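> Okay, handing you the structure first.
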Amino acid sequence: MIDNAESWQRLAGELIDRRVALDSRFSNRRLFCQERGIDYRTVSDLENARRDNYGRQTLAKIERAYEWAPGSVRTILEGKEPTPLSAGRRSGYPDFVGDDPFFRHIWDADELASPAEREMTVRLIKAAREARQ
Numbered sequence: 082m083i084d085n086a087e088s089w090q091r092l093a094g095e096l097i098d099r100r101v102a103l104d105s106r107f108s109n110r111r112l113f114c115q116e117r118g119i120d121y122r123t124v125s126d127l128e129n130a131r132r133d134n135y136g137r138q139t140l141a142k143i144e145r146a147y148e149w150a151p152g153s154v155r156t157i158l159e160g161k162e163p164t165p166l167s168a169g170r171r172s173g174y175p176d177f178v179g180d181d182p183f184f185r186h187i188w189d190a191d192e193l194a195s196p197a198e199r200e201m202t203v204r205l206i207k208a209a210r211e212a213r214q
């Protein structure tokens, strides 16, 4: 990964701008993390350029949460612009995923789980939510 403080500062600024651009409610970082299912401390560290030793899976989760195409973090660190996910990718979810940001996050984890595993996960969480009510 790139070991340049300026690059990580640039990434921090891009992350903050993107988070708020996605939804004005996301000016609240904690709300963003809750709705996107990502670790608050990691996001805080990234958005404040506190460290530069993140694993590939962590950065992939960040890219999904910020609705950027894979590789966008590296692109920003190299001084280029990130690639937002296309509208087609964001709207191409199966019916059982719906508009729930958490379920979309799970569905987008295509390099971590098969479609069957992701579908089962979404359906199990839905059932658990319904049982709680």
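Just so we're aligned: the sequence shown equals residues 82 to 214 in the numbering used here. In this text, a Cβ means the ideal position worked out from N, Cα and C, and glycines have one as well. All of these numbers come straight from a predicted model, not from anything done at the bench.
Would you be able to state if there are at least three C-beta pairs under 8 Å between the segment 129 to 139 and the segment 173 to 184?
no
> Any idea what DSSP makes of Pro165, helix, strand or coil?
strand
> I'd like the list of long-range same chain contacts for Leu112, defined as Cβ closer than 7 Å, with 5 residues on each side in sequence excluded.
Arg106
> What does a CB cutoff of less than 6 Å around Ile119 pick up in its chain, not counting 5 residues either side in sequence?
Lys142, Ala146
> Buried or exposed: Arg199, going by 16 or more other Cβ atoms within 10 Å of its Cβ?
buried
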